[in-house]
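2 protein chains.
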Amino acid sequence: MTGDTLTPGARRILEVASELFYARGIHAVGVDTIAAASGVTKRTLYDRFGSKDALVAAYLRARDERWRDRVSDALEAAGDPVSRVLAPFDVLGSWVADRGCAFVNAFAELDDPGHPGRALIDDEKRWLRALFATELERAGVDDPDGLALQLLVLHEGALVAQAVAAEPGAIRSARAAAAQLVAAARGGPGV
Amino acid sequence: MTGDTLTPGARRILEVASELFYARGIHAVGVDTIAAASGVTKRTLYDRFGSKDALVAAYLRARDERWRDRVSDALEAAGDPVSRVLAPFDVLGSWVADRGCAFVNAFAELDDPGHPGRALIDDEKRWLRALFATELERAGVDDPDGLALQLLVLHEGALVAQAVAAEPGAIRSARAAAAQLVAAARGGPGV
DNA sequence: GCTGGACTTCACTGATCTGTGAACTTAGTG
DNA sequence: CACTAAGTTCACAGATCAGTGAAGTCCAGC
Numbered sequence: 459m460t461g462d463t464l465t466p467g468a469r470r471i472l473e474v475a476s477e478l479f480y481a482r483g484i485h486a487v488g489v490d491t492i493a494a495a496s497g498v499t500k501r502t503l504y505d506r507f508g509s510k511d512a513l514v515a516a517y518l519r520a521r522d523e524r525w526r527d528r529v530s531d532a533l534e535a536a537g538d539p540v541s542r543v544l545a546p547f548d549v550l551g552s553w554v555a556d557r558g559c560a561f562v563n564a565f566a567e568l569d570d571p572g573h574p575g576r577a578l579i580d581d582e583k584r585w586l587r588a589l590f591a592t593e594l595e596r597a598g599v600d601d602p603d604g605l606a607l608q609l610l611v612l613h614e615g616a617l618v619a620q621a622v623a624a625e626p627g628a629i630r631s632a633r634a635a636a637a638q639l640v641a642a643a644r645g646g647p648g649v
Numbered sequence: 459m460t461g462d463t464l465t466p467g468a469r470r471i472l473e474v475a476s477e478l479f480y481a482r483g484i485h486a487v488g489v490d491t492i493a494a495a496s497g498v499t500k501r502t503l504y505d506r507f508g509s510k511d512a513l514v515a516a517y518l519r520a521r522d523e524r525w526r527d528r529v530s531d532a533l534e535a536a537g538d539p540v541s542r543v544l545a546p547f548d549v550l551g552s553w554v555a556d557r558g559c560a561f562v563n564a565f566a567e568l569d570d571p572g573h574p575g576r577a578l579i580d581d582e583k584r585w586l587r588a589l590f591a592t593e594l595e596r597a598g599v600d601d602p603d604g605l606a607l608q609l610l611v612l613h614e615g616a617l618v619a620q621a622v623a624a625e626p627g628a629i630r631s632a633r634a635a636a637a638q639l640v641a642a643a644r645g646g647p648g649v
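Chains as they are written, first to last, in the working numbering: chain A, 459 to 649; chain B, 459 to 649.
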């Protein structure tokens, strides 16, 4: 629903910018590079997106949308309430590359809280936390909000450990830890 | 032992660069800005550090050193084996600011694996994982390596969630989750 | 009194950065 | 045919980027 109204040139610009921003970083990639790699002139880039900041925001918005779609698909595919809770961890395996979380990386580069991208980063994390809380409540655990925060921590940590610390089993390991915490919360607080 | 041999000017440069790199990002801060804010000429900066990349590496090295010192102190202050395992989480509360983990942020900006800073980032994460493993072994848990990875994930996730997701309770929550996993591992795998 | 280290001053280089102005082409649509 | 949207070409602005060369100042220690 977002990417449909883009002109062919704009779509190419956004695709190329997304790859380059994610792989090399936002500040490290100039608009000239993006335009050239898109087979488009810089004029077109500015006609379509207005500014580099706006292009960065479009990049984050598009990535967020794809990510949420994947999670939603995994959620539908999951059966029991516990697999639903853990669905975001299952998506991670095929989602994350060796450059970590695009939103965390963008946060590192966007020091200005007023940058249009910052609101999107905020949104993404709040969405995931809320999703955990909703599914945990459905799964019938005590204090779904508190456990949701712990699952968010595990989720973010999995991405960081996998990429930054180059730990290949981090995602699997985080999922196991999440499963254990959920099981304990369902089994009762006395365990 | 590292910062002792620095000249007064170099020390000021390193202090200022550390603050600016952390607060605004590496690419966003130019050497002119650093020199000016240090009350030093650009010539001095290059005479002392040789290049911006080398200054970035010095920044990460100094920060790593301070961090390890803090963890070592907390480790000594801790009593029982379990508090020793959880000591890094206790340091986090007073360590982390609102800009997240300096090493994760640097990773986001340094896309070149050959950058001198990348090795330092790697070192830092491997050091922490090894520390968790050592302390877990001392605490007598099964599979200390596996649990160490889970604690690393919780640790990194705590920093990210606290700063990027603006979750004020993330560190406390991560510590609680870590404590629960350790307790379960000590109580026996059947729980 | 001389030497060497720390640092300054200042003028550069050449590249790269984001962003713009104006005129032109091209293709599709009423 | 006329209109419009998409895109091109190209020259340009003004700033900032990392990094250098050469000469000079200041001061502590031998």
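C-beta: ideal position from N, C-alpha, C; glycine also.
Fair warning: this is a prediction, and the values are worked out from it, not measured in the lab.
Own chain partners of residue i with C-beta closer than 7 Å, once the 5 adjacent residues on each side are dropped
| i | result |
| --- | --- |
| A516 (chain B) | L472 and F507 |
| L533 (chain B) | R542 and A545 |
| I492 (chain B) | I471, V474, A475, L478 and L503 |
| E567 (chain A) | G483, I484 and H485 |
| Y480 (chain B) | R557 and A560 |
Residues near residue i by beta carbon distance below 8 Å, same chain, minus five either side
| i | result |
| --- | --- |
| P539 (chain B) | E593, R596, A597 and G598 |
| A495 (chain A) | V474 and L478 |
| G558 (chain A) | L617, V618, Q620, A621 and V622 |
| A512 (chain B) | P574 |
| A588 (chain A) | A606 |
N-terminal and C-terminal residue of the alpha helix (DSSP H) that residue i is part of
| i | result |
| --- | --- |
| H613 (chain B) | P602 to A621 |
| A516 (chain A) | K510 to A535 |
| L562 (chain B) | The sequence given here places Val at residue 562 (chain B); Leu does not occur at that position. Per DSSP, V562 (chain B) belongs to the alpha helix (DSSP H) from A560 to E567. |
| L472 (chain B) | P466 to R482 |
| R584 (chain B) | P574 to R596 |
| P626 (chain B) | Taken as a continuous stretch (DSSP letters only), P626 (chain B) belongs to no alpha helix (DSSP H), as it is neither H nor E. |
| R501 (chain B) | K500 to F507 |
| V540 (chain B) | P539 to W553 |
| A493 (chain B) | V489 to S496 |
Rounded separation between residue i and residue j - CA only
| i | j | result |
| --- | --- | --- |
| A468 (chain A) | S509 (chain A) | 13 Å |
| V554 (chain B) | V554 (chain A) | 25 Å |
| G572 (chain A) | V489 (chain B) | 25 Å |
| P574 (chain B) | V514 (chain B) | 8 Å |
| V601 (chain A) | R501 (chain B) | The amino acid at residue 601 (chain A) is misidentified as Val; the sequence shows Asp. The alpha-carbon atoms of D601 (chain A) and R501 (chain B) are separated by roughly 58 Å. |
| E400 (chain B) | D531 (chain A) | Here chain B has residues from 459 to 649 only, and residue 400 (chain B) is not among them. |
| A564 (chain A) | A606 (chain B) | 28 Å |
| L550 (chain A) | V618 (chain A) | 12 Å |
| G497 (chain A) | A621 (chain B) | 38 Å |
| T460 (chain A) | D505 (chain B) | Note that T460 (chain A) scores 43 on pLDDT, short of 50, meaning its location in the model is unreliable; the coordinates nonetheless yield the value given after this. So the two alpha carbons sit approximately 51 Å from each other. |
| V529 (chain A) | D570 (chain B) | 31 Å |
| L609 (chain A) | F590 (chain A) | 7 Å |
| G537 (chain B) | S552 (chain A) | 42 Å |
| E614 (chain A) | E614 (chain B) | 8 Å |
| D527 (chain B) | D527 (chain A) | 44 Å |
| E625 (chain B) | G604 (chain B) | 27 Å |
| V649 (chain B) | I629 (chain A) | Confidence is the limiting factor: at V649 (chain B) the pLDDT is only 46, short of 50, which leaves the residue's position unreliable, though a coordinate-based value still follows. Each residue's alpha carbon lies about 23 Å from the other. |
| R584 (chain A) | A535 (chain A) | 23 Å |
| R644 (chain B) | L586 (chain B) | 21 Å |
| L464 (chain A) | T463 (chain B) | 57 Å |
| V487 (chain A) | V487 (chain B) | 15 Å |
| V562 (chain A) | P466 (chain A) | 29 Å |
| G627 (chain B) | T499 (chain A) | 47 Å |
Own chain, CB closer than 6 Å to residue i, minus 5 neighbours either side, in chain order
| i | result |
| --- | --- |
| L612 (chain B) | A632, A635 and A636 |
| D548 (chain B) | A532 |
Worksheet item: Given 8 Å as the limit, is there contact between the region 518-529 of chain A and the region 568-578 of chain A, that is, 3 or more CB pairs closer than that?
Response: Yes, they touch.
Worksheet item: Touching or not, the region 622-642 of chain B and the region 632-647 of chain A, by the rule of three or more beta carbon pairs under 8 Å?
Response: Result yes; three or more Cβ-Cβ pairs closer than 8 Å.
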